[in-house]
Amino acid sequence: MQILDGKFLAAQIKAEIKSEVDLILSEGKRAPHLVAVLIGSDPASQTYVKSKAKHAEAVGIRSSVYELDASTTQAQLIELIWSLNQDDSVDGYIVQLPLPKHLDESKIIEAIAPHKDVDGFHPVNLGLMVAGNQNAFIPATPFGILEIFRRYSISTTGKKVAVIGRSLIVGTPISILMSRNTEPGNATVTLLHSKSNHVKEVCLDSDIIIAAIGKKDFVTADMVKEGAVIIDVGINRVDGKIYGDVDFENVAAKCSAITPVPGGVGLLTITSLLQNTLKSYKLKQS
Ligand code: NAP
C-alpha cells in the first residue's frame, strides 16, 4: 500500500513555482501578486488565509490580505471586489468562504473578474473547465487531486471512479474532470450524494474513490474493493484533531494507495492556488 504524500508533492510543486518566480524576478519584472479577502473572524478561515499567505511568500509570490469586519455589507464587499478587478498589480484573488450568512455567496463570486478568479469558482471558469479550455482556472482542490494522479503516475483511463459529495468546489468539478477526454480523466464516473441509495455498492465496484463529504469515518473498509485508490478530501475537526472522511487505518489495509489526512489533498489545495496565481500572471504577460 502506498501513501500518497501531499507534503512531498507540495514541496516539489512549490520548488517548481519558486524557480519560475525567481526567473521572473531576475528579469527585473514584478512578482505575481495574490490577494485574500477575509470577512469575519471564523478561526478555520483565519488559519487557511494565513497559511495561503505564508506559502505564497515562501515561493516569492507577493501576498496581501484584506481583513474585513463580520458586519461588512454586500455593497461594501462588492466595492472592494470591483477595486481588485481594476487593480493591475493584482493577478489573482480569493474571497475566503464560507461568508457570513447575510452575504450572498453566488453574487459575490459572480462579481469577481473571471481572469482573476484563482479559486476557479466563477461560473465562467466552471464553464471553460467543462469545455476543456486550457485558460480555465480549475478549482484548487480538484486541481490538487489531478496533480496526485499525475505525479504518482496513477492512470485513470478506463477506471471506474466513485466521487462522494457533489459540492461546487470539490465533488462536481472533480467528477467532470475525471470524465474528460484526457489523462488524468477518461474514467467512468459515478457522482454520489446524500440522496443516493447505493453508495456502498457503487464504491465496492470502483477502482478509485474520491471522498468529499465532511463526515469522519464515512468510507469504511467494507465499502472498498481490494487494491482501490482512495483520495480523502474531508477535513473534520473532532476534539482538536483533524480527520478525513475515510476510516484510514482499516481502509489502508485494503487499498493500493491512499491520501492521509492531514498531509494529503489539503496541502495541494494551497499549491494549486499558487499555480493558478502564477498562471494568471503569465496569461497577463502573454
Ligand atoms: P459540502 O458542500 O458540505 O458537500 C458535502 C457533500 O456530501 C454533499 O454533496 C452531500 O450531498 C454529500 N453527502 C452528505 N452526506 C452524505 C451521505 N450520507 N451519502 C452521500 N453523500 C453525502 O462539502 P465540501 O465543501 O465539498 O467539503 C467536503 C469535505 O471536504 C469537508 O470535510 C471539507 O472540509 C473538506 N474540504 C477539504 C478541502 C481540502 O483542501 N482538503 C477543500 C474543500 C473541502 P447533498 O448534495 O445531497 O447534500
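Positions in the sequence shown are counted from 1; adding 3 to them yields the working numbering. From the three backbone atoms N, C-alpha and C, an ideal C-beta is built for every residue, glycine too.
Problem set entry | Contacts around M226, its chain only, beta-carbon distance under 7 angstroms, and the 5 residues preceding and following it disregarded | K203, C206, L207
Exercise. Exposed or buried, which one is S29 when buried takes at least 16 other CB atoms within 10 Å?
Worked result: exposed
Exercise. Is A214 near the ligand NAP, with its Cβ less than 6 angstroms from a heavy atom?
Worked result: no
For this session: Indicate the three-state DSSP secondary structure (helix, strand or coil) for N88 in the structure shown.
Result: helix
For this session: Starting from D120, follow its DSSP beta bridges and name the residues at the other end.
Result: Y96
For this session: Please classify R240: does DSSP put it in a helix, a strand, or coil?
Result: strand
For this session: Note the first and the last residue of the continuous beta strand (DSSP E) segment covering L71.
Result: 65–71
Problem set entry | C-alpha gap between Q15 and D235, whole angstroms | 20 angstroms
Problem set entry | Buried/exposed call for A134, threshold 16 Cβ in 10 Å | exposed
Problem set entry | Segment contact, 8 angstroms Cβ cut-off, at least three pairs: the segment 138–156 with the segment 67–79 | no
Exercise. Based on the DSSP secondary-structure assignment, which residues constitute the bridge partners of V164?
Worked result: V192, I211
For this session: Look up A14 in the DSSP assignment and say whether it is helix, strand or coil.
Result: helix
Problem set entry | Top-ranked residue by Cα proximity to D210, from G43, K257, I42, D94 | K257
Exercise. Going by other Cβ atoms of all chains shown within 10 Å of its Cβ, with 16 needed for buried, is A139 buried or exposed?
Worked result: buried
Exercise. What residues match up with D235 in a beta bridge as DSSP calls it?
Worked result: A214
For this session: Check the DSSP bridge columns for L37 and list the partner residues they point to.
Result: S66, G95
Problem set entry | Heavy atom of the ligand NAP within 6 angstroms of L100 beta-carbon | no
Problem set entry | Secondary structure of V127, DSSP reduced to three states | helix
Problem set entry | Length of the line joining the Cα atoms of L171 and F124 | 8 angstroms
Problem set entry | Segment contact, 8 angstroms Cβ cut-off, at least three pairs: the segment 260–275 with the segment 54–68 | yes
Problem set entry | Alpha-carbon spacing of K244 relative to S182, whole angstroms | 34 angstroms
Problem set entry | Buried or exposed by the 16-neighbour rule on C-beta atoms within 10 Å, applied to T280 | buried
Exercise. Does the ligand NAP have even one heavy atom less than 6 angstroms from the beta-carbon of H58?
Worked result: no
Exercise. Any heavy atom of the ligand NAP closer than 6 angstroms to the CB of L194?
Worked result: no
For this session: Please state if the CB of R169 and the CB of H196 are separated by a distance shorter than 7 angstroms.
Result: yes
Exercise. Does the ligand NAP have a heavy atom nearer than 6 angstroms to the CB of G168?
Worked result: yes
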